[in-house]
Amino acid sequence: GEQVEQRPPHLSVREGDSAVIICTYTDPNSYYFFWYKQEPGAGLQLLMKVFSSTEINEGQGFTVLLNKKDKQLSLNLTAAHPGDSAVYFCAVLPGTGSNRLTFGKGTKFSLIP
Amino acid sequence: EAGVTQSPRYAVLQEGQAVSFWCDPISGHDTLYWYQQPRDQGPQLLVYFRDEAVIDNSQLPSDRFSAVRPKGTNSTLKIQSAKQGDTATYLCASSPRTNYAEQFFGPGTRLTVL
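Listed in order, the protein sequences are those of chains Z and L.
73 is the number that our numbering gives to position 73 of the first sequence; each next residue is one higher, with no gaps.
59 is the number that our numbering gives to position 59 of the second sequence; each next residue is one higher, with no gaps.
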């Protein structure tokens, strides 16, 4: 089945700096990709969804890139601010028709005081 | 529109005890999911329903875990005889018929088994 590797597991930057989180998946038929944000004690909040036909998506303060050739999905956080501190997860939906999302292990993102 | 609600928010048990978790999905969402999220890991799907039917329960430990959604709305996940390895956050999510791929998550129930 699908496997998703997410790195780095921990990431600390100074306010205003940028940061990148990368996920690598294995199933070339996967077609729908997601980034979720989880704050302490809360559920997962959907940040961005990307279809396989879309390579770049921009949100508020971040950009998501999909590289189908290398089977990589990345989340670029630009100009980090305190509200960005959270755990970020990528998730991949297979091309089998199943609704089974496969998640990465998460990246704990924080600001250096 | 109300989001996915779950109760209780926290549970602490001794090994061997039983516990039930309850989930109320977003109104009108026909698909409901239960995930297990161990500490410092990503969520892992246990089971999901479309209306009242189980679609995939291949990762549900059937000897001790059970899940039902009798009327196709609320759902209950039960652990019969909890083990320390069950310590995790249990997340419920739902998705609408018009876009099965997009799942909306509840706040979760944090379970600690001593």
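Note that beta-carbon positions come from the ideal geometry of N, C-alpha and C, so glycine has one too.
Close Cβ partners of residue i (< 8 Å) along its chain, the five nearest in sequence each way excluded
i: residue 12 of chain Z; result: 109, 110, 111 and 112
i: residue 75 of chain L; result: 22, 23, 25, 32, 34, 49, 67, 68, 69 and 92
Same chain, Cβ closer than 6 Å to residue i, five either side skipped, listed in chain order
i: residue 40 of chain Z; result: none
i: residue 50 of chain Z; result: 33, 57, 64 and 66
i: residue 110 of chain L; result: 10 and 89
Short CB-CB distance (under 8 Å) between residue i and chain L
i: residue 32 of chain Z; result: yes
i: residue 104 of chain Z; result: yes
i: residue 93 of chain Z; result: yes
i: residue 37 of chain Z; result: no
i: residue 49 of chain Z; result: yes
Three-way DSSP call (helix, strand, coil) for residue i in this model
i: residue 6 of chain L; result: strand
i: residue 84 of chain Z; result: helix
i: residue 14 of chain L; result: coil
i: residue 95 of chain Z; result: coil
i: residue 45 of chain Z; result: strand
i: residue 37 of chain L; result: strand
i: residue 63 of chain L; result: coil
i: residue 30 of chain L; result: coil
i: residue 56 of chain L; result: strand
i: residue 24 of chain L; result: strand
i: residue 61 of chain Z; result: coil
i: residue 80 of chain L; result: coil
Residue i at chain Z interface by Cβ criterion, 8 Å
i: residue 25 of chain L; result: no
i: residue 60 of chain L; result: no
i: residue 72 of chain L; result: no
i: residue 105 of chain L; result: yes
i: residue 182 of chain L; result: Residue 182 of chain L cannot be examined here, being either before or after the span of chain L that is shown, 1 to 114.
i: residue 76 of chain L; result: no
i: residue 5 of chain L; result: no
i: residue 112 of chain L; result: no
i: residue 87 of chain L; result: no
Neighbour list for residue i in chain L, Cβ cutoff strictly below 8 Å
i: residue 89 of chain Z; result: 42 and 43
7 Å Cβ shell around residue i - same chain, five flanking residues per side excluded
i: residue 107 of chain L; result: 6 and 9
i: residue 50 of chain L; result: 30 and 31
Proximal residues of chain Z, C-beta to C-beta of residue i below 7 Å
i: residue 56 of chain L; result: 98 and 100
Within chain L, partners of residue i - CB distance below 7 Å
i: residue 42 of chain Z; result: 107
Beta-carbon neighbours of residue i, restricted to chain Z and to distances below 8 Å
i: residue 98 of chain L; result: Residues of chain Z passing the Cβ test: none, with the nearest at roughly 14 Å.
Chain L contact residues for residue i, given Cβ-Cβ distances below 9 Å
i: residue 46 of chain Z; result: 102, 103, 104 and 105
Residue i CB to nearest heavy atom of the ligand SAM below 7 Å
i: residue 60 of chain Z; result: As far as ligands go, the structure on display features none, and thus does not contain the ligand SAM.
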